[in-house]
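Count along the sequence shown starting at 1, add 189, and that's the number in the numbering used here. Where a beta carbon is used, it is the ideal one built from N, C-alpha and C, also for glycine.
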Amino acid sequence: MSTREEVQEICDRHEVGVAFINITATQLKKSIMDATKPVRELLLSEGIHDYGTQAQGSDSKVTIDVHYLEEETLTGEDVTTNDTASLYRPTSGNGDPRIWFTNLKKYVEAGDVLAVVVGFQVLYVFNVKNTLELETYLDEEHARMVSKVGV
């Protein structure tokens, strides 16, 4: 079983940003979670999203593509599952940043740790306990990206 530290080390070696979210029963029940400071900083530093310039309210909600990495993906038996993430600031209170990954309940349960990774200008999410082959996947993805740009 992978740990947060192992995933961080692999991402550091591959120079891809990562943030972690501890999954709770309340998050899964309400289909909402705080976009914690590490998540916000990751999205900002990688040019994915800036909560600091986002207005409050549902009219300002942003939807972005996200790719779930499943154990089958990481062992070469399947491809990533494409889905979306909603990024918004509610009108209540200070409008603390929120994030939700569509279909998240299929991939995690309360007590799991979700890794949010930005690599090659793509947002990936995966359950830390299912990432035994993460480094192999990142190596292969890097090779594909290099071949696309002809470096």
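Item: So that I know if they touch, is there some Cβ in chain D lying closer than 8 angstroms to that of GLN243?; Value: As a matter of chain content, chain D is missing from the structure shown, which is built from one protein chain.
Item: Per DSSP, which residues does THR291 bridge with? Please list them.; Value: In DSSP, THR291 forms no bridge with anything.
Item: Spell out the partners DSSP gives ASN211 in its beta bridges.; Value: VAL302
Item: Over the uninterrupted alpha helix (DSSP H) stretch that includes VAL311, give me the two end residues.; Value: No alpha helix (DSSP H) holds VAL311; the beta strand (DSSP E) holding it covers 311–316.
Item: Use the C-beta contact count for ASN316: other C-beta atoms within 10 angstroms, 16 or more gives buried, fewer gives exposed.; Value: buried
Item: Alpha carbon to alpha carbon, how far is LEU235 from VAL205?; Value: A small correction: the amino acid at residue 235 is Glu; Leu does not occupy that position in the sequence shown. Approximately 9 angstroms, taken between the alpha carbons.
Item: Report the rounded CA-to-CA distance for PHE209 versus LYS218, giving the unit in angstroms.; Value: 19 angstroms
Item: In the structure shown, what three-state DSSP assignment does ASP285 receive?; Value: coil
Item: Would you mind sorting HIS216 into buried or exposed? The rule is 16 or more other CB atoms within 10 Å of its CB.; Value: It is worth fixing the name first, because residue 216 is Gln in this sequence and not His. The residue is buried, with at least 16 neighbouring Cβ atoms inside 10 Å.
Item: Look at the alpha carbon of HIS203 and the alpha carbon of SER247, and state the distance between them as a whole number of angstroms.; Value: 36 angstroms
Item: In terms of alpha-carbon separation, which member of VAL196, GLN197, VAL302, ALA224 lies closest to GLY284?; Value: ALA224
Item: Mapping DSSP to helix, strand and coil, what is THR280?; Value: coil
Item: For the candidate residues GLU194, ASP201, ALA244, VAL302, whose alpha-carbon lies nearest to that of GLY282?; Value: ALA244
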